[in-house]
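Enquirer: Would you mind keeping the following structure in view while I ask a few things?
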Amino acid sequence: MKYEVVIGCEVHVQLLTKTKAFCSCENRFGGIPNTRVCPVCLGLPGALPVVNQKMIEDAVLAGLALNCKVASVTGFDRKNYMYPDLPKGYQISQYDMPVCTGGKLDIETGDGKKSIRIIRLHMEEDAGKNLHLEDGSGLSYVDFNRCGTPLLEIVSEPDMRSPLEAVSYVQGIREIMKYLGISDCNMEEGSLRCDANINLWIYEDDKRYETPISEVKNMNSFKAMRNALKYEIKRQLAEWGEKRLTLTDTGKVTRGYNDRTGETVVQREKEEEADYRYFPEPDLKPVVITKDLEAEMGKRVGELPAAKRKRFVSQYGLKKGAASVLAASKALSDYFEAAAKGYREPVKIASWIITEVGGYLNTEGLTIEEFSLPPENITKLMEIVDSGIISSKIAKKVFARMAGSGESPDTIVKKLKLNQITDRDKLEGFVAEVMKENPQSVADFRKGKDHAIKFLMGRIMKLTKGRANPQVAAAILREKLGDG
Amino acid sequence: MGQIAGKSLTELKRLLDRGEVSALEIITSFKEQYESDRKKPVPLNGYIEFFSDAEELAVKADEARKTGTSGILEGLPIAVKDNILISSRKATCGSAILQGFTAPYSSTVVERLMNEGIIPVGRTNMDEFAMGSTCEYSVYGSSKNPVNREYVTGGSSGGSAAVVASGQAPCALGSETGGSVRLPASFCGTYGFKPTYGSLSRYGLVAFGSSMDQIGVISGDPDDIALVISVASGFDSNDFTSEDVDFSALFPLKRMRLKGKKIAIPEELSGEGIDKEVGIVLERFCSWLRSEGAVPERVSMPLLKTTVAMYYIIAPAEASSNLARYDGVRYGLRDITGNNLEDLYVNTRTKGFGDEVKRRIFLGNYVLSAGYYDAYYKKAMQVRYLLKKELNRILEEYEYILSPTSPVPPFKLGSKIDNPLSMYLTDICTIFANLALLPAVSIPAGTTSDGLPVGMQLTGRMFGEKGLLRAAKTWFLKGRRGEI
C-alpha cells in the first residue's frame, strides 16, 4: 500500500523572563508549591494582568529567528474553559492578532535541506499543575507556581513527512530558542512541549484517502516523540485496514502517549472538544510593536546556529564538533570570536574555551553571560604561552586565577613570578655562556676583584631579559667561579 | 459645630483641619446614625457591615493629626461598595458565592485614599456582582430608598447612595458598568459621578464588565467627588487600562461659566419613553441652563436606541468570563457534596449565584459561543465603535450631553424584579457613557410631585472630569443659595 505520513507540530516554549507573563512573580521552575504566586496569577477577585514587555521582546526575537512577519499591533484574547489549574477560568492567549505569522524553519533530511512553514507564533500564559495523590485518598492538589509563566506557541503547517522530520523540526526550534537565550527548552521539565497532529494519506484505486488526525500529546523527550509517531503510523495503518475510517468520518482525536507502554491512548473525541468562546481580553489594550523594536530584535537575532556552525568550520578551520558547541549559544560564540580575533590559531582558542572556560563555568555554576573575564585575556594568555614564558600547564593555573580575580594574565605572571627562570640546568647554561664571553671579568674575580661578579650578574640578567632568578643565578655563578 | 452626620466630606475636612472636631467624634456620629437606623422597623440596609474597629482607627487618625504625620484626608470617613477590596476586610459583591472571602490586598483606589488617611467605615450593599438596577438582587436583601422606604434605591450601588443620602456617610465609593453609580444617586437625590474609563484604576475592583467597569463616587457635594478623584486618580502600574491623567488640582472646584456653552440633548432620551414628571424636571433644568447663558439644543443620536441591546451583549459576555473563577476550588463558597469535579463546579455555582447573575452568565456564554460570536458579540463591538465615534464627534461641537439619569422616577420595591427586560430599560440613559468610556455625572435636579428625587445627567468629553464637576458645582451653589 502506498501512503504518505503527514505531520504538523504545535510547540510550546516556556520563556526564561525574570517575571511571569502578566504579574511580577518570579518565573522559575519548581519551588515549594504555591510560593511563587500573587493575586494576579492566582486569579483573585479584582486582580488585573499587566503585560510583561520582555515577553513581547522575546516573542519578536523568536519570530524573527523563524523568519516570521512581525505584527505592528498584537492583541490578547481570553480562551475560556474551567479547570482547577486555571484559576481565572480562562487563559490569556492570542487568537486573531498573534504577534508573528508566516515563517519557516529549514531542517536537514536524508534528501537535503527542507523548509517547514510556520503558520503563526503567539504568546500565552501557562496553567498551574494538578497533583493527584495516589494514596487512596482521592485528593487532588493544585500548585500555581507555574501559573502565568509566559509561553510561546509555535504552530507549523503539516509539512513534515516522517517522525524523523518532525523530530528535526522540534530540535531546530529548540536550538534556536536556546541560542537566543529565551528558553532552556528542557523537555523533561516541560519548558518545551510538543503536540503533533498526524495522519496518513493513503493512495488506493487512484484516490487519496486521509485517515483521521490524531493530536498526540505527552511526548516528553525526542525519543518519546519518535516512538509515539512511529506507533501512530502503525496504529493508523491497522485501523485503516480494519475500519477504513477517514478524516470526514471522525475528525480529530486527542491521544496521549504512554512512555511505559509505547502506545497512544484516546484522551478526547471530537464531540467533547470545548468551545473556548474566545474574545478580546478587555483588561489588556493591544500592544504596539514599533519598527525600532523590531529592528533592535532583528539585530539581536543576527546569524543563527546553523549558519554560524558552517562559518566556524570554514573561517576558523574548527572541527564540526567544536563548531557546534560554540555556535549553540550566542554569548559563547561571541566570546569565542572576540578571543580568536587577531590570534593566528583559532583552533587552540576554541579548545581552550570549550575545555577550560567550559569546565570553569560548570564547576562554578555560572553561565557564559555571567562570566566576567574579558575574552582578550584569553588571547593574551595564549600569546604568553606561545612566547615560551610559561608552559601550558602553568597557563591553566594562571587561567584559574584570572577567571576568579579578573586580573590580566601579565599581572598574574609577574605577581606569581611565573616568568622567572629558576630551573638550575637552564641557569647553568646561561652562566656558562656569560663566563665564556667575559673571560677578563672571570679572571678579575679570581684575582680577588669581588666587584666583577656584579658585572657578570648584569650580563646574565641581560641575556635572560631579566627573567633569571637572581638568588639562584648568583649562587650558580659563585659556584662556577670558585670551580676555576 | 452643629450636627456632624449629614455634613459633606469637604465640610468635615475643614472642621478637622481647624481642630474644631475630632475624627473620633465624626466616626462615632456616623456610626450612631447607622445604629439608630438599624433599630427602625424598616432599616435602610445600606451597610452590609459597619467596621467595628472604625472608632479605633479614628483615634489613631486624631493622634496622627496631633503629631503632624497626617494625610490630607486623615480621619475622614468613606463608605465602600462591597465589590471594592480593602485589605483584610471581607468582600462579597453581595453574593453568596464569596461568603467567607477576605481580601488579601487593597484596591488601588482605596489604598491611595487610605494613604492620605481616609477611614473606610463600612461595606455597602449592592446588586449581586453589580448586576441590577435596584439593589434588590443582593444576598443581604434590598436596600431602601431613604426618601421613601417603600421605594428602591436604584442600583447597583444602592447601599452607597442610601448611606450618603441618609447621613450615614458623607461620601461613598460605588462602581459602574452601565450606570450603577449615577442611577442610585439619581433615585436617592445625591450627586453620582462616573469618571472616564481609565481615570481610576480598576485594580481591586471585582470585575463585572471589564471594558466598562469604573469606580465612581457618590456624595451630596460635588467638591467631595473632586477631592476623592484628585487623590485616587491617575496611572496605576497594576492596571494596564489606566491612563496617565493628572487630576491632582481638581479640588477645590470653581464654578463653571456656562455662558455660550452648547449642550446637546439627545432626542432619543428626552421624548418618547421618558416619564412625564422626569420630563418636567428636564425642562426646568434646561431653563436654568439658559438662564446661565448656556445653549441647550435637541440633537438626534439614533445610535442611542441600540445601547441597551449592545450593553446586554457586551457586559454579560465579559461577565461570563470574569465570573468563571468562582468555582469553589480556591476561595468562597465550596459545595463538596457531589462526586467529582463537575459536581463541585455545578453545585457551588448553582448555590452561590442568584438568578440575575445566572441569567447573565447564560447570556454571555451564548453570545460568545461558536456560531453566534459574529452575530452578537462582534456586531455589538462594531456598533460600539460607531457609537464612540459619533459621541466624540458630537462632543467636539457641544460641551456636554444632557439627559435625565433615568427615564423613570424611583419605583416601588418589587415592582420590576420579575421583569428583567423592563429592569434593563432603566439603564437606557446611562449606558452610553460606559460604552463610549465617557465621564458622566448625575445631578439631583428636582423631585416628582410625590417628592421623589429626579436626577439629570451631564456627560462630558474623554477626561473632561473637571468641566463636568465644575458644572455640577455651579448647580450645587445655586441650590445652596436657595434659588431652586
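Those protein sequence lines, which keep their order, are chains A and B. Counting in our numbering, the first sequence runs from 1 upward without gaps. Counting in our numbering, the second sequence runs from 1001 upward without gaps. C-beta: ideal position from N, C-alpha, C; glycine also. Being a predicted model, the structure only gives us computed values, none of them experimental.
(1) Note down the Cα distance separating B/F1240 from A/V357, rounded to an integer number of angstroms.
(2) Any idea what DSSP makes of B/A1023, helix, strand or coil?
(3) Output, in chain order, the set of chain B residues within a Cβ distance shorter than 9 angstroms of A/A251.
(4) Keeping to the same chain, check which residues put their C-beta closer than 7 angstroms to that of A/T17; ignore five residues upstream and five downstream.
(5) Contact criterion: CB-CB distance below 8 angstroms. Does A/V494 meet it with respect to chain B?
(6) For B/M1001, does the three-state DSSP call read helix, strand or coil?
(7) Can you check which of these residues, A/S137, A/K223, A/S214, A/T19, is closest to A/E188 by C-alpha distance?
(8) For B/E1283, would you say it is in contact with chain A, using Cβ-to-Cβ distances shorter than 8 angstroms as the test?
(9) What would DSSP say about A/M160, mapped onto helix, strand or coil?
(10) For A/M82, go through chain B and note every residue whose CB falls closer than 8 angstroms to its CB, in chain order.
(11) Taking DSSP's pairing of strands, which residues face B/Q1457 in a bridge?
(12) Specify the secondary structure class of B/T1124 as computed by DSSP and reduced to three states.
(13) According to DSSP, is A/G448 part of a helix, a strand, or is it coil?
(14) Are the CB atoms of B/G1279 and B/P1453 within a distance shorter than 8 angstroms?
(15) Which bits of chain B does A/R78 rub up against, with CB to CB less than 8 angstroms?
(16) Do we get a CB-CB distance below 8 angstroms when we pair B/T1241 with the residues of chain A?
(17) Name, please, each residue of chain A whose Cβ falls closer than 7 angstroms to the Cβ of B/Y1385.
(18) What do you get for A/I116, buried or exposed, if any count of 16 or more other CB atoms within 10 angstroms of its CB means buried?
(19) Please decide whether A/F279 counts as near chain B, where near means a Cβ-Cβ distance under 8 angstroms.
(20) What's the C-alpha gap between B/R1359 and B/S1070?
(21) Hey, quick one: how far does the alpha helix (DSSP H) through B/K1305 stretch, first residue to last?
(22) To which residues of the same chain is A/R244 closer than 6 angstroms at the C-beta, ignoring the five residues directly before and after it?
(23) Please state whether the Cβ-Cβ distance between A/G486 and A/N227 is less than 8 angstroms.
(24) Could you check whether B/P1302 and B/E1272 sit closer than 8 angstroms to each other, using their CB atoms as the reference points?
(25) According to the Cβ coordinates, are B/D1082 and B/I1048 closer than 8 angstroms?
(26) Applying the criterion that 16 or more other CB atoms from any shown protein chain within 10 Å of the CB defines a buried residue, is A/T211 buried or exposed?
(27) Throw me the rounded Cβ distance for the B/A1370 and A/D275 pair, which I believe falls under 8 angstroms.
(28) Report the option in A/K299, A/V313, A/K291 whose CA atom is closest to the CA atom of A/V73.
(29) Spell out the partners DSSP gives A/W201 in its beta bridges.
(30) Would you decide whether B/G1046 is buried or exposed? Buried here means 16 or more other CB atoms lie within 10 Å of its CB.
(31) Check the Cβ-Cβ distances between A/G321 and every residue of chain B, and say whether any is below 8 angstroms.
(32) Which residues in chain B have a C-beta closer than 9 angstroms to the C-beta of A/G46? List them in chain order.
(33) Would DSSP call B/S1160 helix, strand or coil?
(34) Quick one: Cα of B/M1001 to Cα of B/I1119, how far?
(35) For B/G1464, collect the residues of the same chain with a Cβ closer than 7 angstroms to its Cβ; drop the 5 residues on either side in sequence, then sort them by chain order.
(36) Please report how far the alpha carbon of A/I476 lies from the alpha carbon of A/L427, in whole angstroms.
Expert: Working from what's here:
(1) 44 angstroms
(2) helix
(3) Residue 251 of chain A is actually Gly in this sequence, not Ala. Neighbours of A/G251 on chain B: none; closest Cβ ~14 angstroms, over 9 angstroms.
(4) Here the set comprises N27, N52, K54, M55, D58, P150.
(5) Not covered by the structure: residue 494 of chain A. The range shown for chain A is 1 to 484.
(6) Summary for B/M1001: the model assigns pLDDT 46, below 50, so the residue's position carries little reliability; its value from the coordinates is reported in the next sentence. B/M1001: coil per DSSP, three-state reduction.
(7) A/K223
(8) no
(9) In this structure, A/M160 counts as strand in the three-state DSSP scheme.
(10) A1324, D1327, Y1345
(11) B/S1403, B/S1442
(12) Residue state, collapsed to three classes: strand.
(13) If DSSP states are grouped into helix, strand and coil, A/G448 belongs with coil.
(14) no
(15) Ordered by position in chain B, the residues that pass the 8 angstroms Cβ test against A/R78 are S1321.
(16) yes
(17) Under the 7 angstroms cutoff, chain A gives no residues; its nearest Cβ is about 12 angstroms from B/Y1385.
(18) buried
(19) Using a Cβ-Cβ cut-off of 8 angstroms, A/F279 counts as an interface residue toward chain B, since at least one Cβ of chain B sits closer than that to its own.
(20) Going from the Cα of B/R1359 to the Cα of B/S1070 covers about 47 angstroms.
(21) Counting along the chain, B/K1305 falls outside any alpha helix (DSSP H), and DSSP gives it neither H nor E.
(22) none
(23) Outside the modelled stretch of chain A, which goes from 1 to 484, sits residue 486 of chain A, for which no answer is possible.
(24) no
(25) One thing to note: B/D1082 has its Cβ within 8 angstroms of the Cβ of B/I1048.
(26) buried
(27) 5 angstroms
(28) A/K291
(29) A/E4, A/E210
(30) buried
(31) no
(32) Within 9 angstroms of the CB of A/G46, the CB atoms of chain B belong to N1083, I1084, L1085, A1091, A1103, Y1105, S1107, R1202, Y1203, G1204, L1205, V1206, A1207, in sequence order along the chain.
(33) Reduced to three states, the DSSP call for B/S1160 is helix.
(34) Confidence at B/M1001 is low in this model, with a pLDDT of 46, below 50, so its placement is unreliable and the value that follows should be read with caution. When rounded, the distance between both Cα atoms is 21 angstroms.
(35) P1439
(36) 8 angstroms
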